[in-house]
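Per full-length UniProt numbering, the very first residue in the sequence shown carries number 1; after that it's consecutive. For glycine and all other residues, C-beta sits at the position ideal for the given N, C-alpha and C. In what follows, a single structure is set out as structure tokens and then discussed.
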Amino acid sequence: ALPERYDVRRKTLLSAAWAENYPLRPELAESCYALYRATADPAYLRMGAEMVRSLNSLARVDGGFAAISSVRKHTQGDHMASFFLAETLKYLYLLFDEANFLNVHSTSFVFTTEAHLVPLSVRFSAPTNAAAVHVSAERLARMTVSQMKKVVTSAGLSFNDCIERSDLLTRTTRAMSIIEARVLAEEEREAVARQLERHEALVCPQVDYVAVDLPPATAPRPPSSPPSASPPSASPPSASP
């Protein structure tokens with residue numbers, strides 16, 4: 001638990017009563033997350049794990065997590081700030097979820113100071129399909145009742161309560177909006193899939209190394225020297241009688 005105010009030089013808490021409060025602020029979790037994403041140093045994972053253990057042992061209650069009113073006595077308060085859910089838990093979750101979409105596409109988003117996501121792309125929303133609906137309305141005037149019923153059915157709607165042709169026209173317009181929204185959603189999913197494929201192509205493939213049993217090393221033998229030519233031994237002259 002981190003106090004609100006701490007005198008680093010004297011290594012003590014400030015005298016104010018509120019200085020020893022810990023309202024479950026997110027700054028330390030955010031720093032661990034940002035530093036780990038930047039350095040991949042496992043030390044920040046250990047820090048995050050220690051934070052999780054501390055929160056579970058000191059702050060967890062039946063209805064959530066309580067702020068610590070005194071880091072000296074480890075007494076709990078009766079309040080859980082919204083930033084604990086919106087920021088503290090979010091950063092701790094992302095710290096350990098390596099395959100999370102936000103970590104995989106970390107260059108496409110930035111966090112605000114309140115941990116809100118801001119996309120870096122100039123496209124902030126899907127294109128509106130109002131123009132497409134307007135064009136479709138022109139085609140509706142030429143559609144037969146049978147054709148409109150097929151469109152309504154394909155969108156998962158019912159036309160049984162459509163008494164007048166105008167009712168069926170309204171229902172068909174709604175059905176075409178649903179169909180076009182599905183098409184846009186499918187295109188968005190395909191775009192995300194293509195982006196994931198490009199990301200995977202940039203990642204070095206994992207190599208499975210296979211252990212090979214090598215024969216024990218033996219000391220090299222010294223080169224054999226050629227036999228030296230020994231001079232012929234002189235035999236003593238035989239004594240002649």
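Which residue comes first and which comes last in the alpha helix (DSSP H) that contains residue i?
i, result
"residue 54", "43 to 54"
"residue 30", "27 to 39"
Would you grab the beta carbon distance between residue i and residue j for me? Rounded to a whole angstrom, and I think it's under 8 Å.
i, j, result
"residue 45", "residue 95", "7 Å"
"residue 148", "residue 172", "4 Å"
"residue 175", "residue 151", "5 Å"
"residue 1", "residue 33", "In fact, because the Cβ distance is near 19 Å, the residues do not count as touching under 8 Å."
Over the uninterrupted beta strand (DSSP E) stretch that includes residue i, give me the two end residues.
i, result
"residue 70", "68 to 70"
Could you tell me the distance, in whole angstroms, from the CA atom of residue i to the CA atom of residue j?
i, j, result
"residue 169", "residue 142", "11 Å"
"residue 20", "residue 78", "15 Å"
"residue 87", "residue 184", "31 Å"
"residue 83", "residue 156", "41 Å"
"residue 68", "residue 186", "47 Å"
"residue 26", "residue 91", "8 Å"
"residue 180", "residue 193", "20 Å"
"residue 163", "residue 182", "27 Å"
"residue 36", "residue 76", "30 Å"
"residue 42", "residue 56", "21 Å"
Please report whether the beta-carbon of residue i lies at a distance below 8 Å from any beta-carbon of chain E.
i, result
"residue 39", "Among the chains in the structure shown there is no chain E, since it carries only a single protein chain."
Point to revise | Validate contact between the stretch 44 to 61 and the stretch 100 to 108 using beta carbons, cut 8 Å, 3 pairs | key: With the cut-off at 8 Å, the stretch 44 to 61 and the stretch 100 to 108 do not touch.
Check your understanding: Hey, which unbroken runs of the alpha helix (DSSP H) at 4 residues or more fall wholly within the stretch 87 to 169?
Key -> With a minimum length of 4 residues, the continuous alpha helix (DSSP H) runs that stay inside the stretch 87 to 169 are 89 to 96, 101 to 104, 130 to 140 and 145 to 154.
Review point. So does the stretch 61 to 81 actually touch the stretch 9 to 25, counting three or more Cβ pairs closer than 8 Å?
Key: Contact check between the stretch 61 to 81 and the stretch 9 to 25: three or more CB pairs, one atom from each, fall below 8 Å, which counts as touching.
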